[in-house]
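In my numbering, the protein residues as written are 333 to 391.
Rendered as structure tokens:
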């Protein structure tokens, strides 16, 4: 029996934004998600958009 693939993507939003801004592009996040699925078979994609203070993490 073949196991289903679990291919996840973790994207740093700050670097993504800076990279596309330097190229003068605007990113369509829905199309980006479809591209991740079609090109790399990504089943789940997570984007980190900012800093989380340690007091909010519950550590």
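Here a beta-carbon is modelled for each residue, glycine too, at the ideal position from N, C-alpha and C.
Owing to the predicted nature of the structure, the values given are computational and were not obtained by experimental measurement.
Coil, strand or helix - residue i by DSSP
i, result
"residue 340", "strand"
"residue 352", "helix"
Limits of the unbroken alpha helix (DSSP H) element including residue i
i, result
"residue 371", "361-372"
N- and C-terminal bounds of the beta strand (DSSP E) containing residue i
i, result
"residue 384", "Neither: residue 384 is in no beta strand (DSSP E) and is coded neither H nor E."
Residue burial classification, residue i (beta-carbon count within 10 angstroms, cutoff 16)
i, result
"residue 374", "buried"
Three or more C-beta pairs under 8 Å: does that hold for the segment 372-385 against the segment 352-360? Flag = no, the segment 372-385 and the segment 352-360 do not touch.
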